[in-house]
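J.: Reading the sequence shown from the start, the letters are residues 270 to 555 in the working numbering.
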Amino acid sequence: MSDRTAGIRAIAGKWLQDGTVEAVLGWEQGTYRDKTAPVLVRKAEEVDRLVFNERCTNNLMTYLKRDPVRSLNTVGIVAKGCDIKALIGLIQESQVPREKVKILAVTCPGVRNADGKRPVKCAACDVNTPVFYDEIVGEKIASNPDRAARFRDVEALEAMTPEERHRFWREQFDKCIRCYACRQACPLCICSRCIAEKNQPQWIETSAHPRGNFAWNLIRAYHLAGRCIECEACETACPADIPLMLLNRYMAKVVEQSFGYEAGKDPQTQPPLRTFKLDDDNSFIL
């Protein structure tokens with residue numbers, strides 16, 4: 270058992286034993302050795318189910334929106350630094366009361382995807398040691414974010430001509446089967462009823478054809494502008510392997526350049542597209 274796993278179990282057990290929380294949301298060992306799965310532990314005797322390793326890739330913050338967790342008065346959640354960025358977003362938008370959630374942060378050297386590779390988010394990570402939490406386990410890890418890696422694919426896309434970009438996205442969106450796995454996995458897709466499911470009026474065609482697929486994927490990206498914390502949950506969940514993070518990181522780059530804002534940093538600061546200042550710089554628009 271790793272020191273991080275032992276620390277998580279000790280703190281989670283204490284919280285459950287003394288009634289600090291009603292349940293703890295974390296990861297448990299999956300069916301296969303190289304997989305983990307989300308688990309909601311409600312009893313102190315069950316904390317031995319909790320684990321932490323480099324396969325803990327799921328962003329557990331998305332489960333804070335689900336009814337079984339929403340119904341709890343207090344919940345503990347095990348979280349990496351990148352996951353906590355999503356919680357900050359939910360707090361900013363009044364989706365999760367801060368006092369309802371106890372954050373059991375864990376330092377993280379990086380995770381691995383199903384193919385065993387480090388994702389881009391780990392190369393660009395600036396929160397290997399979380400800074401927003403109630404309790405933390407694990408030795409402090411210094412971050413060395415590779416900004417070039419973060420935007421390398423975006424810059425390659427920007428170098429294309431408009432015609433090349435349109436052809437590229439047409440080929441990608443043609444693969445979309447409209448399963449909405451990206452939406453379900455995203456911790457910041459928070460609408461109780463998605464615009465893709467509304468038909469009075471119907472804004473987005475529901476069939477999996479080019480026009481409807483373009484509308485769905487672009488509108489979802491617009492809705493996450495200035496909000497996406499780049500956890501890559503959407504791209505990981507996509508069964509068609511559409512590079513959704515290309516859109517999200519492009520939006521993040523534009524927001525940073527235009528507003529000097531990076532999502533998931535400060536729970537007291539509102540995202541730029543949710544507020545305005547009279548002295549905002551509009552030069553990039555006008």
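Glycine included, each C-beta is placed from N, C-alpha and C at the ideal position.
Remember, predicted model here, so these are calculated numbers, not experimental data.
1) Tell me the residue span of the alpha helix (DSSP H) that contains Leu493.
2) Below 8 angstroms on the Cβ atoms is my contact criterion, and I expect Leu536 with Gln361 to pass it. Report the Cβ-Cβ distance as a whole number of Å.
3) What residues are listed by DSSP as bridge partners for Val370?
4) Is the stretch 512–524 touching the stretch 394–401, taking contact as three or more C-beta pairs under 8 angstroms?
5) Leaving out the 5 sequence neighbours to the left and right, which residues in its chain are closer than 7 angstroms to Ala477 when beta-carbon positions are compared?
6) In angstroms with no decimal places, state the Cα-to-Cα distance between Asp422 and His435.
7) Roughly how many angstroms separate the alpha carbons of Leu309 and Gly358, rounded to a whole number?
8) Starting from Thr274, trace the beta strand (DSSP E) in both directions and tell me its first and last residue.
9) Touch check for the stretch 334–350 and the stretch 369–379: three-plus C-beta pairs under 8 angstroms?
10) Can the beta-carbon of Phe472 be found closer than 8 angstroms to that of Ile464?
11) Evaluate contact between the stretch 493–501 and the stretch 530–550, counting only Cβ atoms and requiring at least three cross-stretch pairs below 8 angstroms.
12) To which residues of the same chain is Tyr449 closer than 8 angstroms at the C-beta, ignoring the five residues directly before and after it?
13) Can you give me the start and stop residues for the alpha helix (DSSP H) that Ala313 sits inside?
14) Determine the direct distance from the alpha carbon of Thr326 to that of Gln286, and round the result to whole angstroms.
T.: For this structure:
1) Reading the sequence shown from its first residue, position 224 is the one you call residue 493. Careful: Leu493 lies outside any alpha helix (DSSP H) and carries neither H nor E.
2) Residue 536 sits at position 267 when you count from the first residue of the sequence shown. Residue 361 sits at position 92 when you count from the first residue of the sequence shown. Inspection of the sequence shows that residue 536 is occupied by Pro rather than by Leu. Correct: roughly 6 angstroms between the Cβ atoms.
3) Position 101 of the sequence shown holds residue 370. Bridge partners of Val370: Val344.
4) With contact defined as three or more Cβ pairs closer than 8 angstroms, the stretch 512–524 and the stretch 394–401 are not in contact.
5) Indexing the sequence shown from 1 puts residue 477 at position 208. Same-chain partners within the cutoff: Cys445, Ile446, Arg447.
6) For the purposes of this step, residue 422 is taken as residue 153 along the sequence shown, with counting starting at 1. For the purposes of this step, residue 435 is taken as residue 166 along the sequence shown, with counting starting at 1. Using only the alpha carbons, I get a separation of about 16 angstroms.
7) The count along the sequence shown starts at 1 and reaches residue 309 at position 40. The count along the sequence shown starts at 1 and reaches residue 358 at position 89. Near 22 angstroms, if we compare the C-alpha coordinates of Gly358 and Leu309.
8) As a first step, residue 274 must be located in the sequence shown, where it is residue number 5. Looking at the DSSP string, Thr274 is not in any beta strand (DSSP E); the run it does join, the alpha helix (DSSP H), is 272–287.
9) yes
10) On the sequence shown, residue 472 is found 203 positions in, with the first residue counted as 1. On the sequence shown, residue 464 is found 195 positions in, with the first residue counted as 1. Sequence inspection shows Trp at residue 472; the Phe mentioned does not correspond to that position. Yes, Cβ-Cβ distance for Trp472 and Ile464 is below 8 angstroms.
11) These segments touch.
12) Numbered from 1 along the sequence shown, position 180 holds the residue referred to as residue 449. Hits under 8 angstroms: Cys463, Ala465.
13) Counted from its first residue, the sequence shown places residue 313 at position 44. Careful: Ala313 lies outside any alpha helix (DSSP H) and carries neither H nor E.
14) Numbered from 1 along the sequence shown, position 17 holds the residue referred to as residue 286. Numbered from 1 along the sequence shown, position 57 holds the residue referred to as residue 326. Those two C-alpha atoms are separated by around 28 angstroms.
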